[in-house]
Structure formats: structure tokens, C-alpha cells
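For what it's worth, my numbering labels the leading residue of the sequence shown as 90, then goes sequentially.
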Amino acid sequence: MPKTVPNTFPRAYVRPEITALAGYVPGEQPSDPRVAKLNTNENPYPPSPAVRRAISDACERLHLYPDPTAREVRERAARLYDVDPEGVIVGNGSDELLTLLMRAVIAPGDAVAYSTPTYSLYETLVPLQGGVRVRVPYGPDFAIPEELFSVDARMVIVCNPNAPSGTSVPRRALERLAEARRDVLLIVDEAYADFADENATSMGSRHPNVVVLRTLSKSYSLAGLRVGIGITTPALAAELNKVKDSYNVSRLAQAGAVAALDDQESMLAHVARVRATRARLSEGLVALGYELPPSQTNFVLARRPGRSLLPVKEALQSRGILVRYFPELPDALRITVGTDEEIDRLLAEMRTG
Ligand SMILES: Cc1ncc(COP(=O)(O)O)c(C=O)c1O
Numbered sequence: 090m091p092k093t094v095p096n097t098f099p100r101a102y103v104r105p106e107i108t109a110l111a112g113y114v115p116g117e118q119p120s121d122p123r124v125a126k127l128n129t130n131e132n133p134y135p136p137s138p139a140v141r142r143a144i145s146d147a148c149e150r151l152h153l154y155p156d157p158t159a160r161e162v163r164e165r166a167a168r169l170y171d172v173d174p175e176g177v178i179v180g181n182g183s184d185e186l187l188t189l190l191m192r193a194v195i196a197p198g199d200a201v202a203y204s205t206p207t208y209s210l211y212e213t214l215v216p217l218q219g220g221v222r223v224r225v226p227y228g229p230d231f232a233i234p235e236e237l238f239s240v241d242a243r244m245v246i247v248c249n250p251n252a253p254s255g256t257s258v259p260r261r262a263l264e265r266l267a268e269a270r271r272d273v274l275l276i277v278d279e280a281y282a283d284f285a286d287e288n289a290t291s292m293g294s295r296h297p298n299v300v301v302l303r304t305l306s307k308s309y310s311l312a313g314l315r316v317g318i319g320i321t322t323p324a325l326a327a328e329l330n331k332v333k334d335s336y337n338v339s340r341l342a343q344a345g346a347v348a349a350l351d352d353q354e355s356m357l358a359h360v361a362r363v364r365a366t367r368a369r370l371s372e373g374l375v376a377l378g379y380e381l382p383p384s385q386t387n388f389v390l391a392r393r394p395g396r397s398l399l400p401v402k403e404a405l406q407s408r409g410i411l412v413r414y415f416p417e418l419p420d421a422l423r424i425t426v427g428t429d430e431e432i433d434r435l436l437a438e439m440r441t442g
């Protein structure tokens with residue numbers, strides 16, 4: 090029998106700010122492949138076959154460390170987004186890039202502002218750095234609230250398109266915010282931009298105070314590989330490089346990312362399928378009496394104002410369908426756009442109650 094120590098043991102050694110934190114709670118990852126996973130906004134389709142081949146080939150050189158600058162990935166991304174490769178930084182998912190930004194920019198007591206509801210990881214990352222969270226609620230239209238133009242903060246984050254609402258603000262509104270707030274670093278989290286009608290990615294290279302974050306997790310079907318891409322100025326990228334681990338993106342992840350970025354056709358075909366299924370899912374939910382803000386992402390937020398949807402989430406779960414429920418939004422369910430078959434199954438279950 091291994092010797093055990095009391096469960097409370099580590100607390101004495103950990104910073105009190107950390108023990109006071111609840112920690113980010115990711116959606117469930119069941120091992121049963123029959124479960125319809127409509128809870129974490131993954132792509133229902135597999136990545137390009139070229140990605141698998143590239144990863145397999147890269148195994149030959151696993152005895153060597155990866156390129157610490159992820160040069161090939163940066164060059165592909167720079168070409169795709171028409172920006173300077175020196176202003177591109179690659180992370181172990183865009184989550185890591187968010188962590189690096191906090192580490193490089195936020196000192197204890199600094200304020201980070203964002204509109205809510207939004208990606209709940211921001212809520213965890215700010216206090217990890219000793220920063221102060223400033224939540225500016227969205228209005229019913231999910232436009233950028235005027236308060237973000239004057240709020241006292243060192244960093245402002247706009248998730249666009251936003252999660253969990255699925256809504257987006259126009260690029261010109263982001264341009265206006267970036268111009269008006271030269272005093273803050275503006276992070277535009279574009280995790281879902283490939284599913285939207287427009288993006289603001291090139292803003293990262295055109296404004297000294299903007300970082301745009303993209304990910305291969307959603308549109309490129311590579312959530313399991315962990316690759317995020319930051320677009321900014323070469324000056325800011327150099328500062329971010331100082332705070333990242335040298336080998337933050339594995340050799341396999343870099344090889345897969347290069348192949349994925351080279352195969353735009355696969356990505357665009359999957360995005361088109363997801364957008365078509367999103368329209369069917371939205372129609373089906375509206376017919377069932379749900380209210381939906383217009384989605385520019387690979388998920389929808391289905392609402393029944395004034396009614397708790399926890400029982401609906403639990404009933405679906407008992408039938409092998411996972412959707413996301415947020416206690417702070419009890420009258421809503423966030424539903425990822427799965428395959429047509431998964432969405433038919435979901436709608437059939439929701440019809441029967
Ligand atoms: C808005 C938003 N940003 C970032 C991420 C994280 O993406 P990655 O897988 O690149 O870390 C997610 C993942 O769900 C997200 O919803």
C-alpha cells in the first residue's frame with residue numbers, strides 16, 4: 090500500500106490567491122464514442138488526412154526538441170492572414186497565448202475588462218496573475234458596450250464572435266475601440282472567426298495595441314493537437330516570446346499545424362457543412378420555442394427566458410447527449426453544431442421532452 094498524506098497537506102504551501110480560486114471547469118470529455126458531444130465546441134469532422142501523414146512523418150524526429158520559434162507555422166499563418174511572420178506567436182492552444190498575455194502584461198492590481206457573458210477562462214486567468222476583473226455586461230443586442238470605451242483598465246478582451254452567445258460585432262466596431270483605446274492592450278479572441286461572415290485578424294498587425302488570437306482547435310478540427318496563433322506587432326511578439334516556455338508547441342503539433350494550414354480546402358469544406366447544420370439546428374430549436382441570438386460560430390445559445398434548462402440538460406445527458414449548461418445562465422443551453430445525424434438525434438429527444 091502506498092503511504093498517504095492528509096488531503097489538506099498542500100494548502101500550506103500554495104499562494105492564498107490560488108487556494109481561494111475555484112479554477113476553470115472544462116466541459117466533460119466522456120470516453121464512450123456513442124455519446125453525442127455537443128458540449129465543448131469541437132468540430133464533428135476529422136482533420137485533413139494530410140495532417141495525420143505529417144504527424145506520422147514527424148515521429149521520425151521525436152528525439153529532437155521542436156523549433157522553439159515554430160517558424161514554419163508562423164510563416165504559413167503570416168501568408169494566410171497577410172501579416173508579418175515576426176508578429177506571429179504560436180501557443181499550446183490559444184488558451185496558452187491568453188496565459189502568456191496575462192503574464193507579460195498584468196501586474197497585481199491591474200484591471201482586465203471584458204463584456205459578460207463571455208469565455209469563462211478569462212475569469213480564472215486574471216486572478217492567477219493578481220489582476221482585477223472588470224465585468225461589463227452586454228446589452229440584449231450583444232453590441233460592444235459603450236463602457237468599454239472609457240473603462241479604467243490595462244487590458245480589454247473582446248471575444249469575437251463571442252462565446253457563449255455566438256454573436257459577433259462588426260470589424261469596424263473593433264477598429265473604433267482599438268483607435269479609441271490606445272492606452273490599453275486590446276485582445277480580440279477570434280477562436281470562432283472561421284465560422285463567421287467576417288474577421289478582424291489583420292488588425293493585430295495594423296494596431297500597436299492589438300493582439301488577435303486564432304486557434305486550430307475549432308475550424309481545423311485539431312482541438313486535441315493544441316495549436317493557437319497570436320497576431321500582433323513584431324515588438325509585442327518579442328516581449329511575449331520572453332515569457333513563454335522555449336518548447337511550448339510540440340514537434341507533432343507544429344507538423345500537424347503546417348499541414349492543416351496548407352489544406353484550406355478541407356477546413357473550408359468542414360466549415361461550410363457546420364454552417365449548413367447550424368441553420369438546421371437553429372430552425373429546429375426555434376420551432377421548439379427556444380430563442381436564439383444569431384450565431385456566427387459552431388454553436389448556438391438556446392434560451393427559454395425565465396425557465397431553468399438544467400432539467401433539459403440532465404434529460405439529454407441521460408440519453409447520451411452532452412450540451413453545456415452554465416449556472417450563471419440558467420435559462421440557456423449552449424449547443425455545439427455536431428453532424429447532421431447528431432443534431433437530428435438531439436432535436437428528436439428535445440421534442441419528446
Ligand atoms: C472563446 C475561446 N477562446 C479560446 C478557446 C481555447 O482554444 P484553444 O483550444 O486554442 O486553447 C476557446 C475554447 O473553447 C474559446 O471558446
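All C-beta atoms, glycine included, are put in the ideal place defined by N, C-alpha and C.
Task: Residue range of the alpha helix (DSSP H) that includes Ser-339 - done: Per DSSP, Ser-339 is not a residue of any alpha helix (DSSP H), being assigned neither H nor E.
Open item on the list: Please list the terminal residues of the continuous alpha helix (DSSP H) segment that includes Arg-364.
Closed with: Its alpha helix (DSSP H) spans residues 353–376.
Task: Expected contact under 8 Å - CB spacing of Ala-252 and Tyr-208 to nearest Å - done: Ala-252 to Tyr-208, Cβ: 5 Å. Contact.
Open item on the list: Quick check: Ala-159 and Val-172, are their CB atoms within less than 8 Å of each other?
Closed with: Contact flag unset, no.
TODO: Assuming Gly-427 and Thr-322 form a contact by the criterion Cβ under 8 Å, report the distance between their Cβ atoms to the nearest whole angstrom.
DONE: About 38 Å separates the Cβ atoms of Gly-427 and Thr-322, ruling out a contact at the 8 Å cut-off.
Task: Proximity of Leu-305 and Ala-349 at Cβ, strictly below 8 Å - done: The answer is yes: Cβ separation under 8 Å.
Open item on the list: Closer than 7 Å to a non-hydrogen atom of ligand 1 - does that hold for the CB of Ser-306?
Closed with: Checking the Cβ of Ser-306 against ligand 1 gives yes.
Open item on the list: DSSP has Cys-148 in a bridge; who is on the other side?
Closed with: DSSP, once it has assigned bridges, lists no residue as partnering Cys-148.
Task: Own chain, CB closer than 6 Å to Glu-131, minus 5 neighbours either side, in chain order - done: Here the set comprises Ala-312.
Open item on the list: Closer than 7 Å to a non-hydrogen atom of ligand 1 - does that hold for the CB of Asn-288?
Closed with: Checking the Cβ of Asn-288 against ligand 1 gives no.
Open item on the list: My assumption, with CB atoms under 8 Å, is that Pro-234 sits in contact with Ser-204. Please give the rounded CB distance.
Closed with: Indeed they touch by this definition, with Cβ atoms about 6 Å apart.
- [ ] Go through the stretch 122–210 residue by residue and report every complete run of the alpha helix (DSSP H) that reaches 4 residues or more, in order.
- [x] For the stretch 122–210, whole alpha helix (DSSP H) runs of length 4 or above, ordered along the chain, are 138–147, 160–170 and 183–194.
Task: Distance cut-off 7 Å: Ala-252 Cβ against heavy atoms of ligand 1 - done: Placement of the Cβ of Ala-252 at a distance of less than 7 Å from at least one heavy atom of ligand 1 is found.
- [ ] For Asp-272, name the three-state secondary structure that DSSP assigns.
- [x] Shown here, Asp-272 sits in coil according to DSSP, grouped into three states, outside any helix or strand.
- [ ] Work out the CA separation of Arg-364 and Ala-358 for me, nearest whole Å.
- [x] Going by the C-alpha atoms only, they are around 10 Å apart.
Task: Rounded straight-line distance, which links the Cα of Arg-362 to that of Gly-182 - done: Put simply, the backbone Cα of Gly-182 is about 24 Å away from that of Arg-362.
Open item on the list: Taking a contact to mean a Cβ-Cβ separation below 8 Å, would you say Ala-125 touches Leu-435 in this structure?
Closed with: Yes, the Cβ-Cβ distance between Ala-125 and Leu-435 is below 8 Å.
- [ ] Determine the extent of the beta strand (DSSP E) in which Gly-317 is found, giving its start and end residues.
- [x] Looking at the DSSP string, the run of the beta strand (DSSP E) that includes Gly-317 is 317–320.
Open item on the list: Following a CB-centred definition, is Ala-326 positioned closer than 7 Å to any heavy atom of ligand 1?
Closed with: Checking the Cβ of Ala-326 against ligand 1 gives no.
TODO: Less than 8 Å between the CB atoms is what I'm expecting for Val-247 and Val-223, so what's the real figure, rounded?
DONE: 13 Å between Cβ atoms; not a contact.
Open item on the list: Are there any heavy atoms of ligand 1 lying less than 7 Å away from the beta-carbon of Ala-312, as far as the coordinates show?
Closed with: Ala-312: yes, Cβ under 7 Å from ligand 1.
- [ ] Would you tell me roughly how many angstroms separate the C-alpha atoms of Pro-135 and Tyr-281, rounded to the nearest one?
- [x] Counting only the Cα atoms, Tyr-281 lies some 17 Å from Pro-135.
Task: Close-in-space but distant-in-sequence residues of the same chain around Leu-127 (CB under 7 Å, 5 per side omitted) - done: Counting only Cβ-Cβ distances below 7 Å, and skipping sequence neighbours, we find Ile-410, Leu-411, Val-412, Ile-424, Thr-425, Gly-427, Glu-431 and Leu-435.
Open item on the list: Going by beta-carbon coordinates alone, are Thr-386 and Phe-238 separated by less than 8 Å?
Closed with: No. Outside cutoff.
Task: CB contact flag (Leu-190, Ile-276, <8 Å) - done: Going by C-beta atoms, Leu-190 is nearer than 8 Å to Ile-276.
- [ ] State buried or exposed for Ile-144, treating a residue as buried only when at least 16 other CB atoms are found within 10 Å of its CB.
- [x] Ile-144 comes out buried.
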